[in-house]
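full-length UniProt numbering puts the first residue of the sequence shown at 1, with every later residue one more than the last. In this text, a Cβ means the ideal position worked out from N, Cα and C, and glycines have one as well. Okay, so here's the structure we're looking at.
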Amino acid sequence: MTKYEQLTEDLKEAHQKSKEAVTGDDGGTANLDSTFLTLPRWNEKKTIKAINDAGLYCGSKIHWIGNGYLISVGGGQGNDRVIARNAFSKYLKEKGYDVMHFDMID
Numbered sequence: 001m002t003k004y005e006q007l008t009e010d011l012k013e014a015h016q017k018s019k020e021a022v023t024g025d026d027g028g029t030a031n032l033d034s035t036f037l038t039l040p041r042w043n044e045k046k047t048i049k050a051i052n053d054a055g056l057y058c059g060s061k062i063h064w065i066g067n068g069y070l071i072s073v074g075g076g077q078g079n080d081r082v083i084a085r086n087a088f089s090k091y092l093k094e095k096g097y098d099v100m101h102f103d104m105i106d
């Protein structure tokens, strides 16, 4: 299995964990909270394909506190979105990926 295929599998599992974490509480501030994933020296085109193959969306690598990929996992628009993002990021961090929380109020 290539590292890109492994990334796809890890992202799928992280996304599943994020779906399981939501509680139905979609109150709170509408936000665009996402996970920022950094993968130094990885091929951008192959990385974006791996993200998309996992059923997630990322249009391109961006520069924000370094270069990386901003991934939204959905989960709602308020508290549940934060909960989903936190579960997603936690799983990836436990798998050894370098991730940060991106918080933005809509």
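- prompt: Going straight from the alpha carbon of VAL82 to that of MET1, what length do you get?
  reply: 32 angstroms
message: Taking the straight line between their C-alpha atoms, what separation do you get for ILE71 and GLY28?
response: 21 angstroms
Own chain partners of MET100 with C-beta closer than 6 angstroms, once the 5 adjacent residues on each side are dropped: PHE36
query: Taking Cβ positions, are VAL22 and ASP103 nearer each other than 9 angstroms?
result: no
- request: Could you check the C-alpha separation between GLY78 and SER34 for me, to the nearest Å?
  value: 12 angstroms
query: Sorted by chain position, which residues of the same chain lie with C-beta nearer than 8 angstroms to SER60's C-beta, five sequence neighbours on each side aside?
result: GLU44, ILE48
- request: Taking all protein chains shown into account, decide if ALA84 is buried (16 or more other Cβ within 10 angstroms of its Cβ) or exposed.
  value: buried
- prompt: Curious, which full-length alpha helix (DSSP H) runs of at least 4 residues does the segment 7 to 78 contain?
  reply: 44 to 53
message: Using the three-state DSSP reduction, which class does ASP98 fall into: helix, strand or coil?
response: strand
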